[in-house]
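*Asks:* Oh and the sequence shown: position 595 is 595 in full-length UniProt numbering, straight run, nothing missing.
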Amino acid sequence: MRPCVQFIRDHELFEEEHTSLSLHNLDLQVIRDPGSVLLKRSIHSRSVVDQHASALGEKVQRYYSKNMQLLADLCKNSTLSSSVRAVKSLSCGPQLGKDWTYFASLQKALASNQVVLVKGATGSGKSTCIPAALLSTEPQGRIIVSEPRRVAAISLAGYQQQALPGNLRQAVAYAVRFQSTVTPETKLIYQTDGVTLQYLLDDPCLLNVSYLILDEIHERSSNQILLLAIVLRVIRYNPRVHVILMSATLDEVQLLQYVRRYTASTSISLDNPQYSTDVSFQPCREDYILQIVDEIVTLHTTNTSLDDGILVFLSGADDIAVCLALLWERLSVLGAGKQGGRPWVVIPFHSKIPAQQAMYPFSPITGRRRIILATNVAETSVTIPGIRYVIDSGLQKRMVYLPEHSTSVLVVVPITMSSHMQRRGRVGRTQHGTCIFLYPKYVAENEMLINPHSSLQFEPIDHIYLMLQSFSQRFKESFPSFSFCLETTDLLDLVDSAKLSLTKQILYYTYLLTTARSSSVTHKPTLCISVAGLAATLLPVSPRTALFLMVAYYYGVQREACLIAAGLEVGWDDLLGASSAPLLCQGSDHLSLLYALVGPLPKTGMASQSYHQANQVARQLEDVLDKILKLHKDTLFEFLRSYVQLPDLMSDTSLAAETGDIIKLCLALTSHMTVAQRTSSGFRTLFSGAIVNPSGKSSCTGTTSNFLVYNHSIIIANKATAICCTEVSERMIKLNRWLAIGTPLEVVSQVSKEIPKAESQTTKLSFRRNVKR
Numbered sequence: 001m002r003p004c005v006q007f008i009r010d011h012e013l014f015e016e017e018h019t020s021l022s023l024h025n026l027d028l029q030v031i032r033d034p035g036s037v038l039l040k041r042s043i044h045s046r047s048v049v050d051q052h053a054s055a056l057g058e059k060v061q062r063y064y065s066k067n068m069q070l071l072a073d074l075c076k077n078s079t080l081s082s083s084v085r086a087v088k089s090l091s092c093g094p095q096l097g098k099d100w101t102y103f104a105s106l107q108k109a110l111a112s113n114q115v116v117l118v119k120g121a122t123g124s125g126k127s128t129c130i131p132a133a134l135l136s137t138e139p140q141g142r143i144i145v146s147e148p149r150r151v152a153a154i155s156l157a158g159y160q161q162q163a164l165p166g167n168l169r170q171a172v173a174y175a176v177r178f179q180s181t182v183t184p185e186t187k188l189i190y191q192t193d194g195v196t197l198q199y200l201l202d203d204p205c206l207l208n209v210s211y212l213i214l215d216e217i218h219e220r221s222s223n224q225i226l227l228l229a230i231v232l233r234v235i236r237y238n239p240r241v242h243v244i245l246m247s248a249t250l251d252e253v254q255l256l257q258y259v260r261r262y263t264a265s266t267s268i269s270l271d272n273p274q275y276s277t278d279v280s281f282q283p284c285r286e287d288y289i290l291q292i293v294d295e296i297v298t299l300h301t302t303n304t305s306l307d308d309g310i311l312v313f314l315s316g317a318d319d320i321a322v323c324l325a326l327l328w329e330r331l332s333v334l335g336a337g338k339q340g341g342r343p344w345v346v347i348p349f350h351s352k353i354p355a356q357q358a359m360y361p362f363s364p365i366t367g368r369r370r371i372i373l374a375t376n377v378a379e380t381s382v383t384i385p386g387i388r389y390v391i392d393s394g395l396q397k398r399m400v401y402l403p404e405h406s407t408s409v410l411v412v413v414p415i416t417m418s419s420h421m422q423r424r425g426r427v428g429r430t431q432h433g434t435c436i437f438l439y440p441k442y443v444a445e446n447e448m449l450i451n452p453h454s455s456l457q458f459e460p461i462d463h464i465y466l467m468l469q470s471f472s473q474r475f476k477e478s479f480p481s482f483s484f485c486l487e488t489t490d491l492l493d494l495v496d497s498a499k500l501s502l503t504k505q506i507l508y509y510t511y512l513l514t515t516a517r518s519s520s521v522t523h524k525p526t527l528c529i530s531v532a533g534l535a536a537t538l539l540p541v542s543p544r545t546a547l548f549l550m551v552a553y554y555y556g557v558q559r560e561a562c563l564i565a566a567g568l569e570v571g572w573d574d575l576l577g578a579s580s581a582p583l584l585c586q587g588s589d590h591l592s593l594l595y596a597l598v599g600p601l602p603k604t605g606m607a608s609q610s611y612h613q614a615n616q617v618a619r620q621l622e623d624v625l626d627k628i629l630k631l632h633k634d635t636l637f638e639f640l641r642s643y644v645q646l647p648d649l650m651s652d653t654s655l656a657a658e659t660g661d662i663i664k665l666c667l668a669l670t671s672h673m674t675v676a677q678r679t680s681s682g683f684r685t686l687f688s689g690a691i692v693n694p695s696g697k698s699s700c701t702g703t704t705s706n707f708l709v710y711n712h713s714i715i716i717a718n719k720a721t722a723i724c725c726t727e728v729s730e731r732m733i734k735l736n737r738w739l740a741i742g743t744p745l746e747v748v749s750q751v752s753k754e755i756p757k758a759e760s761q762t763t764k765l766s767f768r769r770n771v772k773r
């Protein structure tokens, strides 16, 4: 007989009933015409890619490994001098610094305005020339360029290090999650928006910054929206810092109206005389992968100049791997990698590639045609030299979070008009170009949305809400009158109220928010950030993973937990795909990840790259965690003991005697939002009521266990699939304070008990992120 289990809810705080929405027919409002041929292509694209991957089999991995080895050899042999020449051939390369054409206009605008909006065509030098010009003035503080994408931050820093004069090259660095080249001597930093938010926790008034540049502001990512809202409020306390907002496709009037509510601002426009671009629109074929391959083969065999590169936009890394394999088959047949003396090389370019490989598109590879297969990371910020042709599929991927189910669905959607224009602008920068759109002209003119929706509508906002709470508390220490919270600002109209309520529930039930005492006896308790929540904002992982790491540190298994967290960040599919780890630990994907990372190194391929990357991430995570806990160990451990009610393993050694058992206990104590109980129709998540089942690749497939914890779930074919699962015992479940388990009468008794409250979070903890990231 299965035990009765119920999630204990705090009805005093959250009175509304929890509701679930259907997983079918998600209305994402991604295109105007529901009958659009581009929308139909996006719906069928996943099955098209899967069919090709199934037909190719192991060739996908083999060709990818062979191609990356060829790329590494070619880029290793390229010289620095030729690389510098390639970089300086770009639009503004020879005019970096004070000689830049628009430098006087920018200086004049900054002299009388704290915020300047820069609108310029693609290729006009916004991301490169403006930071270089400001650096040449030798500012007192640093110049921070905040980019929405990791690849853009890395590649732009590499660009500047090659293009700037020798005395300035060492002043340029990049900082992305888990990687940083910043030194005390660094003056110009390209970093992601998430890292910029973390920087604000250390320097909320930007006292060590002279210029903060928010690039590609039109993309409206959740980090961008929060970053802009915070910065506009804090710069009034520091008139010496200037903010520059940049984009090629933003709504200038609307943004200026928003900014002028807080400070003086103006705009300047950059005109970049571009070369002519030929545009071709093609009919939509259902198999867009083969359509792309056919176009590439035609261009390669008919164009004799190997310097004319081809840039292709696909929807994701899977599409790139399949397209790469098909190209190797087609082009190799034409002449062992050559056709009429025309060698080629394929360069993958997407958000998950390692930092070194992110520079491959910019490396001077001579004697071969470069075929760059990219996702939307190549849309903005970066100028890839030597591109003569652009082929656009019209597709992109978007992860949509469904808080009602604590799950996500990865969907392929049509691009917006702003993305269409950005992709078109990748050619015509340094030479005449041709842009081939694999969809009809009327789709671009009549069916595409003008700009993307805010990411706050689609992404999880738990980290945004937690960061906002942390920032507000820290800022009030210096400015008691400062007031900023998500419910009372202009961010509210971008966040659905039901989603906001669910986000607060999730953070509260994971101990990252807690209650504060109210001045009124009858007033409903308010939520504030907890000690664990403050610590979680300092860790570069999701809030729930941060809690798992803190509990693991409490039990002394932080190294193992960091390896597991790193494996999840890098991708458990890549790590376990070429490993025997699932066979070593049946019933736990988390422990399988651990064994894969402490086991022998895979010899070749993506698994080898993922292995190195995961171990590097784990070391950095452990270092950050160790420094945070050393500073605040006593306060945090007391919170974990008293409020989270962690059990004492010293008094009951039979509960978790081995390291693997302790890891399972940590998961059971921190993953209660994703604890699922076996039912006749599958595993039912206790918090949301959603039915999930382990992935077919999971070591928990076919399990007879009554309980599973899982890292996250995604929707595949309208069914929720649990990713990275681990079996946990009923005894461990009983130790979680939010789960009532036993007979029906015992469960009713536990649920009716008063929920313990943490102490009011009014003390100043003064967390400081004095950790080299």
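Idealized CB from N, CA, C, for every residue including glycine.
Predicted, not measured: the structure shown is a model, and the values here were computed from it.
With a cut-off of 8 Å on the beta carbons, I'd call ARG398 and VAL411 a contact; round off their distance for me.
*Replies:* Between VAL411 and ARG398 the Cβ distance is about 6 Å, and since that is below 8 Å, they are a contact.
*Asks:* Buried or exposed for ASP319, please, with buried defined as at least 16 other CB atoms from any protein chain shown within 10 angstroms of its CB.
*Replies:* So ASP319 ends up on the buried side.
*Asks:* For GLU459, write down the residues that DSSP places opposite it in a beta bridge.
*Replies:* None; GLU459 has no bridge partner.
*Asks:* So what does MET246 bridge to, in DSSP terms?
*Replies:* MET246 is bridged to VAL118.
*Asks:* Can you list, in chain order, the residues of its chain with a C-beta nearer than 7 Å to that of SER45? Leave out the 5 residues immediately preceding and following it.
*Replies:* Closer than 7 Å at the Cβ level, and outside the excluded window around SER45, lie TYR288, SER315, LEU395, VAL412.
*Asks:* Taking a contact to mean a Cβ-Cβ separation below 8 Å, would you say CYS528 touches THR514 in this structure?
*Replies:* For CYS528 and THR514, yes; Cβs fall inside 8 Å.
*Asks:* Helix, strand or coil for ASN615 per DSSP?
*Replies:* Note: ASN615 maps to helix in three-state DSSP.
*Asks:* Could you tell me if VAL5 is buried or exposed, where buried requires 16 or more neighbouring beta carbons within 10 angstroms of its beta carbon?
*Replies:* Buried is the call here.
*Asks:* Could you name the residues that DSSP lists as bridge partners for ASN693?
*Replies:* According to DSSP, ASN693 bridges with THR721.
*Asks:* For the beta strand (DSSP E) containing GLN6, name the first residue and the last one.
*Replies:* Its beta strand (DSSP E) spans residues 4-7.
*Asks:* By Cβ distance below 8 Å, which residues in the same chain neighbour CYS666 in space, the five residues on each side in sequence not counted?
*Replies:* PHE548, VAL551, ALA552, TYR555, VAL557, ALA561.
*Asks:* Which of helix, strand or coil does DSSP assign to TYR211?
*Replies:* DSSP places TYR211 in strand when its eight states are reduced to three.
*Asks:* To the nearest angstrom, report how far apart GLN469 and LEU625 are at their CA atoms.
*Replies:* Approximately 21 Å between the Cα atoms of the pair.
*Asks:* Helix, strand or coil for ARG240 per DSSP?
*Replies:* Coil, per DSSP.
*Asks:* Taking contact to mean 3 or more Cβ pairs, one atom from each stretch, closer than 8 Å, check whether the stretch 56-64 and the stretch 416-436 are in contact.
*Replies:* Taking 8 Å as the limit for Cβ pairs, the verdict is that the stretch 416-436 does not touch the stretch 56-64.
*Asks:* By a C-beta neighbour count over all protein chains shown, 10 Å radius and 16 as the cutoff for buried, is TYR275 buried or exposed?
*Replies:* TYR275 should be labelled exposed.
*Asks:* So the candidates are ILE461, PRO348, ARG370, ASN376; which of them puts its Cα closest to the Cα of VAL400?
*Replies:* Out of ILE461, PRO348, ARG370, ASN376, ILE461 has the C-alpha closest to the C-alpha of VAL400.
*Asks:* Nearest by alpha-carbon distance to residue 793: which of LEU456, PHE471, GLN473, VAL541 is it?
*Replies:* Any property of residue 793 remains undetermined from this structure, which presents the chain solely from 1 to 773.
*Asks:* For my contact list, VAL293 and LEU327 are in at a C-beta cut-off of 8 Å; report their separation, rounded to the angstrom.
*Replies:* Correct: roughly 6 Å between the Cβ atoms.
*Asks:* Determine the contact status of GLN160 and THR128, defining contact as a CB-CB distance below 8 Å.
*Replies:* Against a cut-off of 8 Å, the Cβ pair of THR128 and GLN160 comes out as a contact.
*Asks:* In this structure, does DSSP put TYR63 in helix, strand or coil?
*Replies:* Three-state result, TYR63: helix.
*Asks:* Between the stretch 143-150 and the stretch 256-275, do at least 3 Cβ pairs fall closer than 8 Å?
*Replies:* Segments in contact, no.
*Asks:* State yes or no: is the C-beta of ASP193 within less than 8 Å of the C-beta of LEU227?
*Replies:* Going by C-beta atoms, ASP193 is nearer than 8 Å to LEU227.
*Asks:* Leaving out five residues before and five after VAL771 in sequence, what residues of the same chain have Cβ atoms less than 8 Å from its Cβ?
*Replies:* Because the pLDDT of VAL771 is 34, which lies under 50, any placement of that residue in the model is unreliable, and the question is left without a value.
*Asks:* Counting only runs that start and end within the stretch 365-397, where is the beta strand (DSSP E) found for 3 or more residues in a row?
*Replies:* Counting only runs of 3 or more, we get 369-374, 387-392.
*Asks:* Between GLU252 and LYS352, how many whole angstroms is the CB-CB distance? I'm expecting something under 8 Å.
*Replies:* That belief does not hold up - the Cβ atoms of GLU252 and LYS352 are roughly 34 Å apart, past 8 Å.
*Asks:* Among LEU594, HIS463, ALA657, SER497, which has the Cα closest to the Cα of SER222?
*Replies:* For SER222, the nearest C-alpha among the options comes from HIS463.
*Asks:* For VAL692 and THR670, which I take to be in contact (beta-carbon distance under 8 Å), what is that distance rounded to the nearest angstrom?
*Replies:* VAL692 to THR670, Cβ: 18 Å. No contact.
*Asks:* Which of the three DSSP states, helix, strand or coil, is assigned to PHE14?
*Replies:* Coil at PHE14, not helix or strand.
*Asks:* For residue 774, does the count of other Cβ atoms within 10 angstroms reach 16, so buried, or fall short, so exposed?
*Replies:* Outside the shown range of the chain (1 to 773) lies residue 774, about which nothing can therefore be said.
*Asks:* Report the rounded CA-to-CA distance for VAL60 versus LYS697, giving the unit in angstroms.
*Replies:* Using only the alpha carbons, I get a separation of about 18 Å.
*Asks:* With 16 other CB atoms within 10 Å as the buried threshold, where does PRO543 fall?
*Replies:* Buried: at least 16 other Cβ atoms inside 10 Å.
*Asks:* Please determine, among VAL495, SER588, SER608, the residue with the shortest C-alpha to C-alpha distance to LEU597.
*Replies:* Here the closest residue by C-alpha is SER608.
*Asks:* Kindly give me the distance between the Cβ atoms of PRO283 and TYR211, rounded to whole angstroms, as I take these residues to be in contact under 8 Å.
*Replies:* Rounded, the Cβ-Cβ distance is 47 Å, inconsistent with contact.
*Asks:* Using a Cβ-Cβ cutoff of less than 7 Å, which residues in the same chain neighbour SER81 once the five nearest sequence positions on both sides are dropped?
*Replies:* Confidence is the limiting factor: at SER81 the pLDDT is only 40, short of 50, which leaves the residue's position unreliable, though a coordinate-based value still follows. Excluding sequence neighbours, SER81 sits near nothing in its chain.
*Asks:* Judging by CA-CA distance, which residue of SER136, ARG233, ARG731, SER36 is the nearest neighbour of LYS476?
*Replies:* Answer by Cα proximity: ARG233.
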